[in-house]
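Asker:
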Amino acid sequence: MEELLDIAKGPLFRFSFAIMILGLIRVFVLSLINGCEAKKKAKDKSIPKGYVRKMTFGFLFPLRAFRVKPVYAFVSILFHIGLLITPIFLFDHALLFQNSIGISWIDLTLSKQLADWLTILTIITGIILLLIRLSSKTSRFISRNQDYLWPLLLLIPFISGLVCAQFTVEPDVYNIFMLIHILSGCLIFILMPFTKIAHCILLPLSQWITARAWKFPPDAGEKVYIDLGKEGETL
Amino acid sequence: MDRINKAKLILWTILGIACAVAITRFIFGLGVTTNLTDNTPWGFWIGFDVMGGVALAAGGFVIASFNYIFGKKVLHPIARAAILTAFLGYIAVAIGLLFDLGLPWNIWHMIIYWNPHSPLFEVGWCVMLYLAVLTLEFTPVVLEKYPNIKLLSIIHGFLYKIRIPLVILGIMLSTLHQSSLGSLFLAMPYRLHPLWYSPIIPIIFFLSAICLGFMMVMLESMTSSYLYRKEQEINILEKIKKYASYMIIVYLLVRFCDIIIRGAGSFLFNISWGMTLFWIEILLSCIIPLVIFSIPIKKIKISILYFGAFIGVVGVVFNRLNVGGITHLNNLTEIGSFYFPSLMEFSISAGVVSVAMLVFFFFVENFKVWEEMPNINNSIKKSTRFDSFKVYLGTNKIINRTKFSFAFIIAFSLTFSFISGSEIHSSGFEKTPVTKARGADTLIIDGNRDGYGVVFAHENHKKQGFTCGYCHHMNKPDDKATGCYECHDDMYLTGEAFRHEWHSSSNGANINCFECHNKSESKGKNFKFSDKKAIQICKDCHNNIIPSDSRIKILKTYKTLSYTDAMHSLCIKCHENKLKSDALIKQSKPNLAQCSSCHKNFKSYKKVKKLFQDKKNNKWVVIPIFKQIEGNIVQ
Chain A
31 MEELLDIAKG PLFRFSFAIM ILGLIRVFVL SLINGCEAKK KAKDKSIPKG
81 YVRKMTFGFL FPLRAFRVKP VYAFVSILFH IGLLITPIFL FDHALLFQNS
131 IGISWIDLTL SKQLADWLTI LTIITGIILL LIRLSSKTSR FISRNQDYLW
181 PLLLLIPFIS GLVCAQFTVE PDVYNIFMLI HILSGCLIFI LMPFTKIAHC
231 ILLPLSQWIT ARAWKFPPDA GEKVYIDLGK EGETL
Chain B
296 MDRINKAKLI LWTILGIACA VAITRFIFGL GVTTNLTDNT PWGFWIGFDV
346 MGGVALAAGG FVIASFNYIF GKKVLHPIAR AAILTAFLGY IAVAIGLLFD
396 LGLPWNIWHM IIYWNPHSPL FEVGWCVMLY LAVLTLEFTP VVLEKYPNIK
446 LLSIIHGFLY KIRIPLVILG IMLSTLHQSS LGSLFLAMPY RLHPLWYSPI
496 IPIIFFLSAI CLGFMMVMLE SMTSSYLYRK EQEINILEKI KKYASYMIIV
546 YLLVRFCDII IRGAGSFLFN ISWGMTLFWI EILLSCIIPL VIFSIPIKKI
596 KISILYFGAF IGVVGVVFNR LNVGGITHLN NLTEIGSFYF PSLMEFSISA
646 GVVSVAMLVF FFFVENFKVW EEMPNINNSI KKSTRFDSFK VYLGTNKIIN
696 RTKFSFAFII AFSLTFSFIS GSEIHSSGFE KTPVTKARGA DTLIIDGNRD
746 GYGVVFAHEN HKKQGFTCGY CHHMNKPDDK ATGCYECHDD MYLTGEAFRH
796 EWHSSSNGAN INCFECHNKS ESKGKNFKFS DKKAIQICKD CHNNIIPSDS
846 RIKILKTYKT LSYTDAMHSL CIKCHENKLK SDALIKQSKP NLAQCSSCHK
896 NFKSYKKVKK LFQDKKNNKW VVIPIFKQIE GNIVQ
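These protein sequences, in sequence, are chains A and B. Letter by letter, the first sequence follows residues 31 to 265 of the numbering used here. Letter by letter, the second sequence follows residues 296 to 930 of the numbering used here.
#1: Determine the DSSP secondary structure at residue 739 of chain B, reduced to helix, strand or coil.
#2: Secondary structure at residue 773 of chain B, three-state DSSP: helix, strand or coil?
#3: Please check if any C-beta of chain A sits within less than 8 angstroms of the C-beta of residue 615 of chain B.
#4: According to DSSP, is residue 633 of chain B part of a helix, a strand, or is it coil?
#5: Excluding the 5 residues preceding and the 5 following residue 228 of chain A in the sequence, name in chain order all residues of the same chain whose CB lies nearer than 7 angstroms to its CB.
#6: Which residues does DSSP list as the beta-bridge partners of residue 785 of chain B?
#7: So who's on the other strand from residue 749 of chain B, going by DSSP bridges?
#8: Excluding the five sequence neighbours on either side, which residues of its own chain have a C-beta within less than 6 angstroms of the C-beta of residue 312 of chain B, listed in chain order?
#9: Against chain C, which members of the stretch 146-174 of chain A pass a CB distance test of less than 8 angstroms?
#10: Below 9 angstroms on C-beta distance, what does residue 60 of chain A contact in chain B?
#11: In chain A, which residues lie less than 7 angstroms from residue 971 of chain B when you measure between Cβ atoms?
#12: Extract the residue ranges of the alpha helix (DSSP H) inside the stretch 39-113 of chain A, only unbroken runs of 4 or more that lie entirely within it.
#13: Report the neighbours of residue 799 of chain B on chain A: residues whose CB is nearer than 9 angstroms to its CB, in chain order.
#14: Flag residue 561 of chain B as yes if its beta-carbon sits less than 8 angstroms from any beta-carbon of chain A, otherwise no.
#15: I'd like to know if residue 320 of chain B contacts chain A, where contact means its C-beta is closer than 8 angstroms to some C-beta of that chain.
#16: Could you give the first and the last residue of the continuous alpha helix (DSSP H) run that contains residue 200 of chain A?
#17: Assuming contact is defined by CB atoms lying nearer than 8 angstroms, are residue 108 of chain A and residue 146 of chain A in contact in what I supplied?
#18: Take residue 321 of chain B as the anchor and find which of B/530, B/366, B/394 and B/513 has the nearest alpha-carbon.
#19: Check whether the stretch 326-345 of chain B and the stretch 380-400 of chain B touch, using three or more Cβ-Cβ pairs below 8 angstroms as the test.
#20: In chain order, what residues of the same chain lie with their CB nearer than 6 angstroms to the CB of residue 908 of chain B, ignoring the 5 residues before and after it?
#21: Is the stretch 121-140 of chain A touching the stretch 161-174 of chain A in the sense that three or more CB pairs, one from each, lie closer than 8 angstroms?
#22: Residues in its own chain within less than 6 angstroms of residue 392 of chain B by CB, not counting five upstream and five downstream?
#23: Do residue 854 of chain B and residue 778 of chain B have their CB atoms nearer than 8 angstroms?
#24: Are residue 330 of chain B and residue 635 of chain B closer than 8 angstroms when you measure CB to CB?
#25: With a CB to CB cut of under 6 angstroms and the five nearest residues on each side skipped, what residues in its chain are close to residue 49 of chain A?
#26: Closest Cβ-Cβ distance between residue 602 of chain B and chain A: below 8 angstroms?
#27: Taking 8 angstroms as the limit between beta carbons, can you name the residues of its chain near residue 644 of chain B, skipping five residues before and five after?
#28: Nearest chain A C-beta to residue 474 of chain B closer than 8 angstroms, yes or no?
#29: Secondary structure at residue 908 of chain B, three-state DSSP: helix, strand or coil?
#30: So which residues of chain A does residue 708 of chain B contact, with C-beta pairs closer than 7 angstroms?
#31: Is any beta-carbon of chain A found at less than 8 angstroms from that of residue 720 of chain B?
#32: Strictly under 8 angstroms for the Cβ-Cβ distance: is residue 205 of chain A near chain B by that measure?
#33: Sorted by chain position, which residues of the same chain lie with C-beta nearer than 8 angstroms to residue 756 of chain B's C-beta, five sequence neighbours on each side aside?
#34: Using the three-state DSSP reduction, which class does residue 320 of chain B fall into: helix, strand or coil?
#35: Going by DSSP, name the residue or residues bridged to residue 854 of chain B.
#36: Taking 8 angstroms as the limit between beta carbons, can you name the residues of its chain near residue 608 of chain B, skipping five residues before and five after?
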């Protein structure tokens, strides 16, 4: 068990962390290049700056969502706060970074109680978000498989981490939960750049590309048809 | 997927691996990434990247001279490609050299700090100038693409006019540094195996570079024809093949005549590791290519010709590796350590080569390097039916971009994870433990017991009126006048005066952390590491740890100086002060604060036994010279 933990903490962690950082940079650069090429092909070459800014800030500070769906918006914001702050500013994680890479933000860490409460908050809000998605017919209709799986995957390291921190001192149980904690964390790191979680870095770009799509020349759709090999078929 | 894209995918993967290793090399240094030692400081990077790379780029000047100077116009279609290969080859040499230099940021020093006696100085300057010439030779190809911009077309016209002088300059510089890479080894006749060391090694280097240049151009032509699905340039290959065989024969003759005339012929058949390497080298670089090149091109398959050229290139590069490090005597005999390149060294070299190849493909696809541009878009396969399970990645360009970057990051991350933690940290410094000074009233201070000590008149210093505490500035607990070696316990490295482990261990002092460190109440159970300063210091528990008459009043750090530094700073400082304050000493012992006043030949003490003998007590005590002088004056 300890050897497995060593592998997970060492090579596997380094692998997944490198994939995450490079993968996110790659996704960002690729969308930037592709977006620029799309701009070349577009009929209207002006960037709709106002629209992009409005969409991005609307996404970051969902004031409109507060009016339309107040519960959902509030829970979602709480979930994102817990999801980001807890893992980054947890004392043990900062110590891990200090020991393995030498970068340190140990002075900024959360106290243990606050970290535990934030973890519980994240778990609860995550479950609520999943339930909201399941309960609404509209959101069920537009959901893919990964939309259901991601909240569950994100909760695994939180739950196992909480178990390790609070509920067990028995070495075997602790090791098993720690292994689950690290493995699920690594899996999240690896999947991040290739799934919808990439929105953490793509945010303004995705708004820009969406806005750009409306500016293509009128016959652009035909070319998509040709590229897909579906010429002459009706929609 | 087309051939060229497959090749590019592989190159991007290699590049990913090399980038991860490169980060390790530049952060953690040469000791972690290479198998090089002080005994074999030159290895694969010098042998392959620098010496092999310069030789591999010889195609540029060889083809340029045959095309422009000797008027062999048949070679004209490949002249630009050959120059591009040389240009990229030299840039690769410069990049490869940066990895091998201990202080790569000082590479510009040779421009300002001249050392005209060094062959490396000549090589460095030649490579630098030749790179500039190659840049000027290749620039027109890039400028051609923008005929509408007036300034660029003026520059293009000027460069086109001076192309012949440039070619001549290029050939001159190449001749110089191709051979002076060999001259480097003239300086080390006792290092190189007799089969390789020769007074004419510069000429051998130059000849083999010409052979390699021809074979490299053949290889490059055939490879690019294969990758871009062009027709093989049979006419040109036929010509180059002929020139290459002549050159190989000349090289072979010179090599063997040299060995026999030097009298090293007996080593040819004296079975040893060196002999084996020599024959492998000759077989690869000369015999196999010569046999294959002697067959007319129409009778053999192009793949066999390719094999011949490839083996030849490998053989000549192997020659550079042999000269550059493998056949150095400390590597072949049992006196030195055996050197074989590490995987990381291989991957860095492969990465540098793949960058050069990727840039070559970029230029070939975007500029008019060949007579006709390669058509890379003719092979897009459009699936007739839309497959919803297959991810649609877009046009050919976008597919390539996506795939190559994906291969890069996967390779990078895998390598990054496999460079294991233990290898990332170097083995550290070698420790030199210090032992106690010997003697009684006169001490012989020889910390590392290497036989070179300093005689110190302890008793005499005491008589001068120094208290114990002045020099023994810190005592161990319950001790008096603790010896220097107890805290300054390494000859050259700093040490620790405070043993944290012992204080916190239950077998030692068994002290709770919070008896010394700050306990931060507001942060719950978290122990604040940021409060590194302990609230308690040694003095608070150990009363007499710093004597009242000590030189040191306040303890600023627990780090101790190395033994040599501690001794020097104590003695020299005091001697300097003495010289300033005491006029009599300044007159009698003007060298008191200089190295020679302590570091004397030990025998010289014995010769002047008078110095040691105190007549009254019959003890070995040094009598200060000025007292003797005083005595003489009295007498």
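Ideal placement from N, C-alpha and C gives every residue a C-beta, glycine not left out. Remember, it's a predicted structure, so these values are computed and weren't measured experimentally.
Answerer: Straight from the coordinates:
#1: Counting from 1 along the second sequence, the entry for residue 739 of chain B is found at position 444. DSSP places residue 739 of chain B in strand when its eight states are reduced to three.
#2: In the second sequence, counting from the first residue as 1, residue 773 of chain B sits at position 478. In the three-state reduction of the DSSP assignment, residue 773 of chain B falls in the coil class, being assigned neither a helical nor a strand state.
#3: One-based indexing of the second sequence puts residue 615 of chain B at position 320. Closer than 8 angstroms: no.
#4: On the second sequence, residue 633 of chain B is found 338 positions in, with the first residue counted as 1. Here DSSP, grouped into helix, strand and coil, assigns residue 633 of chain B to coil.
#5: By 1-based counting over the first sequence, the position of residue 228 of chain A is 198. So the list reads 54, 57 and 222, once near-sequence residues are dropped.
#6: For this step, residue 785 of chain B is matched to residue 490 along the second sequence. According to DSSP, residue 785 of chain B bridges with B/728.
#7: Start at 1 with the first residue of the second sequence, and residue 749 of chain B comes out as number 454. Residue pairing by DSSP places residue 749 of chain B opposite B/740 in a beta bridge.
#8: Position 17 of the second sequence, counted from the first residue, corresponds to residue 312 of chain B. Result list for residue 312 of chain B: 642, 706 and 710, in chain order.
#9: The structure shown contains no chain C; its protein chains are A and B.
#10: Against the first sequence, residue 60 of chain A aligns to sequence position 30. Within chain B, the residues near residue 60 of chain A are 693, 696, 697 and 700.
#11: The displayed coordinates of chain B run from 296 to 930. Any statement about residue 971 of chain B would go beyond what the structure contains.
#12: Taken in chain order, the whole alpha helix (DSSP H) runs of length 4 or more contained in the stretch 39-113 of chain A are 43-71, 79-90 and 93-98.
#13: Your numbering for residue 799 of chain B matches position 504 in the second sequence. Near residue 799 of chain B there are no residues of chain A at all, since even the closest Cβ is about 18 angstroms away, more than 9 angstroms.
#14: Along the second sequence, one-based indexing puts residue 561 of chain B at 266. So no, residue 561 of chain B is outside the interface.
#15: For this step, residue 320 of chain B is matched to residue 25 along the second sequence. At a cut-off of 8 angstroms between beta-carbon atoms, residue 320 of chain B makes no contact with chain A.
#16: Your numbering for residue 200 of chain A matches position 170 in the first sequence. Per DSSP, residue 200 of chain A belongs to no alpha helix (DSSP H) and is neither H nor E.
#17: Position 78 of the first sequence, counted from the start, is the residue given in the question as residue 108 of chain A. Position 116 of the first sequence, counted from the start, is the residue given in the question as residue 146 of chain A. No, Cβ-Cβ distance for residue 108 of chain A and residue 146 of chain A is not below 8 angstroms.
#18: The residue labelled residue 321 of chain B in the question sits at position 26 within the second sequence. In terms of Cα proximity to residue 321 of chain B, the closest of B/530, B/366, B/394 and B/513 is B/394.
#19: With contact defined as three or more Cβ pairs closer than 8 angstroms, the stretch 326-345 of chain B and the stretch 380-400 of chain B are in contact.
#20: The sequence position of residue 908 of chain B within the second sequence is 613, counting from 1. Confidence at residue 908 of chain B is low in this model, with a pLDDT of 49, below 50, so its placement is unreliable and no value can be given for it.
#21: By the Cβ test, the stretch 161-174 of chain A is not in contact with the stretch 121-140 of chain A, since fewer than three Cβ pairs between them sit closer than 8 angstroms.
#22: Start at 1 with the first residue of the second sequence, and residue 392 of chain B comes out as number 97. Same-chain partners within the cutoff: 345.
#23: Taking the second sequence and counting its residues from 1, one reaches residue 854 of chain B at position 559. Taking the second sequence and counting its residues from 1, one reaches residue 778 of chain B at position 483. Contact: no.
#24: Translated into the one-based positions of the second sequence, residue 330 of chain B becomes position 35. Translated into the one-based positions of the second sequence, residue 635 of chain B becomes position 340. For the pair residue 330 of chain B and residue 635 of chain B, the CB atoms are nearer than the 8 angstroms cut-off.
#25: The residue labelled residue 49 of chain A in the question sits at position 19 within the first sequence. Correct list, in chain order: 220.
#26: For the purposes of this step, residue 602 of chain B is taken as the residue at position 307 of the second sequence. No, its Cβ sits nowhere closer than 8 angstroms to a Cβ of chain A.
#27: Stepping through the second sequence from its first residue, residue 644 of chain B is reached at position 349. Excluding residues up to 5 positions away in sequence, 339, 340, 343, 344 and 391 lie with their Cβ nearer than 8 angstroms to the Cβ of residue 644 of chain B in the same chain.
#28: Numbered from its first residue, the second sequence carries residue 474 of chain B at position 179. With 8 angstroms as the cut-off, residue 474 of chain B does not count as an interface residue toward chain A.
#29: Along the second sequence, read from residue 1 onward, the residue named residue 908 of chain B stands at position 613. Bear in mind that a pLDDT of 49 at residue 908 of chain B, under 50, signals an unreliable position, so the number given afterwards is only what the model happens to contain. Strand at residue 908 of chain B.
#30: To locate residue 708 of chain B, count along the second sequence from 1; it is residue 413. Against chain A, the beta carbon of residue 708 of chain B has neighbours under 7 angstroms at 45, 48, 49 and 52, listed in chain order.
#31: Locating residue 720 of chain B in the second sequence gives position 425, counting from the first residue. A caution first: residue 720 of chain B carries a pLDDT of 48, below 50, which makes its placement in the model unreliable, though a value can still be read off. Under the 8 angstroms criterion on CB atoms, residue 720 of chain B is classed as non-interfacial with respect to chain A.
#32: Within the first sequence, numbered from 1, the residue matching residue 205 of chain A stands at position 175. For residue 205 of chain A, no Cβ of chain B is located within less than 8 angstroms of the residue's own Cβ.
#33: Position 461 of the second sequence, counted from the first residue, corresponds to residue 756 of chain B. Within the same chain, residue 756 of chain B has close Cβ partners 766.
#34: Within the second sequence, residue 320 of chain B is the residue found at index 25, counting from 1. In the three-state scheme derived from DSSP, where H, G and I count as helix and E and B as strand, residue 320 of chain B is classed as helix.
#35: Residue 854 of chain B sits at position 559 when you count from the first residue of the second sequence. Note: residue 854 of chain B sits in a beta bridge opposite B/791.
#36: Your numbering for residue 608 of chain B matches position 313 in the second sequence. Residues of the same chain with a CB within less than 8 angstroms of the CB of residue 608 of chain B, apart from the 5 flanking positions on each side, are 351, 507, 510, 511 and 514 in chain order.
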